[in-house]
Amino acid sequence: MRINQLLNLPKIKIYKSHYRDSKLTLYGLIPLKGARCPHCKVYSKQIHDRYERHLNDLSVLEHPVHLILRTRKFKCKNNGCPRKVFSEQTPEISRYARRTNRLDKIIDTIALETNAHQGKIITKLVSVPLSRSTMLRKAHYSYLPTVYTPRVLGVDDWAFRKGVNYGTVLVDMETSRVIDLLPSREGSQLKKWLAKHPGIEIVTRDRASSYASAVKEIHPEAHQVADRFHLLMNLSDALTLYFKSVSGKIKTILNAHKEKLLDYKRQQTDLPKTQIIVSQNKSLTTDPRQAVFQKVKELQQHKYPARKIARELGISRNTVWTYSKLEHLPPRIHRNATNIDLFTGFIVNELQQKGYLIKEIIQKIKSLGYDGSQTQAYHHINKIKQEKGIKTPDLRAVYNEPLAYIKPISATKMSML
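11 is the number of the first residue of the sequence shown in this note's numbering; add one for each residue after it.
Printed below as a string of structure tokens:
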């Protein structure tokens, strides 16, 4: 098979090639006797000049290909034509281009499907290295696809600049392709777009009322559904609110279960109940939010509106609304706080009864649910030893024993289960 057939450039004839420094260089020309003027379409054979065009083409076996195309300039035979001289052209290469059309098509696809940095990496892998600026420029100069009317339309907001400026993105949900971008999140913009695109059957959207009213006004026959993400958000919000409202009952059930585990531990260890030292219950401390919670409940009983309650107590209306839905204030769980205090009684028992070294105690409480660092545990255990006057004896063989500990979980985490 000849090289011209392999390259698949039917309008270009390759007359020479050489390979040097991991690069394949091809020399070609357009095998025609003349060309037509692009302005007046008059055919001419009179050559005015010759020059070389240097172009990049698709790589071959990971080796870059450089095409040197010998091009002729012709004189126009039409004396009335304003263009006196013109260059011969070929459909495989655009005017003034430095790459073949087929290579440009691949680069355009990479630029549109990825970002500038990833495009730079991919083009380097296919032996056509380009800079991030070039990839960004190719994306900006690419032709926009034709806007069509989908059967299932997805509507959501998107950020031109996060936290500053937002618009609306329209997606064909059957192909997961972006159809159009609107400059704002206002319903008026969506109404104008929907009026130009009849025939939409289903619209998936977020919880924004502006989108819902726009679709209902322009396409009342279209079925509106919440998208998968916002359905899960609705479910999560409902479960979170429910678990907050019954947090007191959940805590009572967990405490009852904890007492059963303590009784089981006493039976297994045969220790008198007087020797079981239970750590202080932090839930007995006063929550500073409790006073505000009670005040909100009192003002609600007097039929105060949420805005006035928020202004009187110096809190947000969202907080007032949240408190109004709860019967009891759920305990606050600090995500970054360590739970070492929950193991105080267990640590004292092990030091007094078993004689563990600190290292062994830390290993045991980690297996039982301790979520802090080893340094925090060392400081806490040493503090207990100083307060209780306990001296740790030599290490001896021990076995893991059950501990009545139930790790607390917030209402938000429970809603995600």
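Just so it is clear, CB atoms sit at the ideal spot from N, CA and C, and this is done for glycine as well.
Note that the structure is predicted; figures quoted are calculated from it, not measured.
Could you pull the start and end residues of the beta strand (DSSP E) that residue i belongs to?
{"i": "Ile78", "result": "His73 to Lys85"}
{"i": "Asp118", "result": "Note, Asp118: premise wrong, no beta strand (DSSP E); alpha helix (DSSP H) at Asn111 to Glu123."}
{"i": "Val429", "result": "The first residue shown for the chain is 11 and the last is 427, placing residue 429 beyond what the model contains."}
Who are the Cβ neighbours of residue i in its own chain at under 8 Å, not counting the five residues just before and after it?
{"i": "Glu62", "result": "Ile78, Leu79, Arg80 and Thr81"}
{"i": "Pro48", "result": "Arg93, Phe96 and Gln99"}
{"i": "Thr110", "result": "Leu19, Leu65, Asn66, Asp67, Leu68, Leu77, Glu102 and Ile103"}
{"i": "Leu166", "result": "In the sequence under discussion, the amino acid at residue 166 is Asp, which differs from the Leu named in the question. For Asp166, where only same-chain residues beyond five positions count, the Cβ hits under 8 Å are Thr178, Val179, Val181, Arg215, Asp216 and Asp237."}
{"i": "Tyr25", "result": "Tyr37, Gly38 and Leu39"}
{"i": "Cys91", "result": "Cys47, His49, Cys50 and Val52"}
{"i": "Trp331", "result": "Ala316"}
{"i": "His233", "result": "Glu211, Ile212 and Val213"}
{"i": "Glu322", "result": "Leu309 and Tyr314"}
{"i": "Ser137", "result": "Ser69, Glu72, His73 and Pro74"}
{"i": "Ala121", "result": "Gly129, Met145, Leu146, Lys148, Ala149 and Ser152"}
Using the C-alpha atoms, what's the distance from residue j back to residue i?
{"i": "Leu249", "j": "Ala107", "result": "60 Å"}
{"i": "Gln128", "j": "Ser141", "result": "10 Å"}
{"i": "Asn265", "j": "Val256", "result": "14 Å"}
{"i": "Lys43", "j": "Tyr29", "result": "30 Å"}
{"i": "Thr385", "j": "Ile350", "result": "11 Å"}
{"i": "Leu372", "j": "Ala222", "result": "What sits at residue 372 in the sequence shown is Ile, not Leu. Cα to Cα, Ile372 sits roughly 56 Å from Ala222."}
{"i": "Ile131", "j": "Lys369", "result": "49 Å"}
{"i": "Thr119", "j": "Thr185", "result": "17 Å"}
{"i": "Ala316", "j": "Asp381", "result": "40 Å"}
{"i": "Asp31", "j": "Phe84", "result": "36 Å"}
{"i": "Leu34", "j": "Ile22", "result": "17 Å"}
{"i": "Glu227", "j": "Ile189", "result": "21 Å"}
{"i": "Leu17", "j": "Leu113", "result": "12 Å"}
{"i": "Lys423", "j": "Tyr252", "result": "12 Å"}
{"i": "Tyr333", "j": "His267", "result": "28 Å"}
{"i": "Glu397", "j": "Val358", "result": "11 Å"}
{"i": "Ser27", "j": "Leu71", "result": "16 Å"}
{"i": "Arg9", "j": "Thr133", "result": "Given that the chain is displayed from residue 11 to residue 427, the structure contains no residue 9 and the question cannot be resolved."}
{"i": "Ile7", "j": "Leu135", "result": "The question about residue 7 has no answer here: the residues shown for the chain are numbered 11 through 427."}
{"i": "Ile117", "j": "Asn125", "result": "12 Å"}
{"i": "Asp59", "j": "Arg105", "result": "17 Å"}
{"i": "His390", "j": "Ile260", "result": "29 Å"}
{"i": "Glu360", "j": "Leu367", "result": "9 Å"}
{"i": "Ile241", "j": "Glu123", "result": "Checking the sequence, you will find Leu at residue 241 rather than Ile. Rounded to the nearest angstrom, the two C-alpha atoms are 28 Å apart."}
{"i": "Leu336", "j": "Lys254", "result": "7 Å"}
{"i": "Lys87", "j": "Leu204", "result": "54 Å"}
{"i": "Gln199", "j": "Gln304", "result": "45 Å"}
{"i": "Leu191", "j": "Val302", "result": "45 Å"}
Where DSSP assigns a beta bridge to residue i, which residues make up the other side?
{"i": "Ile24", "result": "Gly38"}
{"i": "Arg171", "result": "Asn175"}
{"i": "Gln128", "result": "In DSSP, Gln128 forms no bridge with anything."}
{"i": "Thr214", "result": "Gly164 and Val235"}
{"i": "Lys33", "result": "Arg30"}
{"i": "Asp190", "result": "Leu180"}
{"i": "Arg46", "result": "Tyr53"}
{"i": "Thr100", "result": "Ile103"}
Which stretch, first to last residue, makes up the alpha helix (DSSP H) that contains residue i?
{"i": "His389", "result": "Gln384 to Lys398"}
{"i": "Leu65", "result": "No alpha helix (DSSP H) contains Leu65, which is instead part of the beta strand (DSSP E) from Ile57 to Val70."}
{"i": "Glu322", "result": "Ala316 to Leu323"}
{"i": "Ser334", "result": "Arg327 to Ser334"}
{"i": "Thr144", "result": "Arg142 to Tyr151"}
{"i": "Gly355", "result": "Thr354 to Asn359"}
{"i": "Ser198", "result": "Gly197 to Ala205"}
{"i": "Lys313", "result": "Premise fails: Lys313 is in no alpha helix (DSSP H) and is neither H nor E."}
{"i": "Ser220", "result": "Ser219 to Ile228"}
{"i": "Gln15", "result": "Ile13 to Leu17"}
{"i": "Ser377", "result": "Ile368 to Ser377"}
For residue i, which residues in the same chain have their Cβ closer than 6 Å to its Cβ, ignoring the five residues on either side in sequence?
{"i": "Val235", "result": "Thr214"}
{"i": "Arg46", "result": "Tyr53"}
{"i": "Lys55", "result": "Lys43 and Gly44"}
{"i": "Pro193", "result": "Gly177"}
{"i": "Lys201", "result": "Ala224 and Ile228"}
Excluding five sequence neighbours on each side, which residues of the same chain lie with their C-beta closer than 7 Å to the C-beta of residue i?
{"i": "Gly258", "result": "His338"}
{"i": "Arg327", "result": "Ala316, Arg317 and Ala320"}
{"i": "Pro139", "result": "Thr133"}
{"i": "Leu146", "result": "Ala126"}
Three or more beta-carbon pairs under 8 Å between the segment 157 to 169 and the segment 201 to 210, yes or no? A contact is defined here as three or more CB-CB pairs under 8 Å, and the segment 157 to 169 meets this definition with respect to the segment 201 to 210.
Indicate whether the contact test is met: 3 or more Cβ pairs, each with one atom in the segment 167 to 176 and one in the segment 139 to 155, closer than 8 Å. Touching, no.
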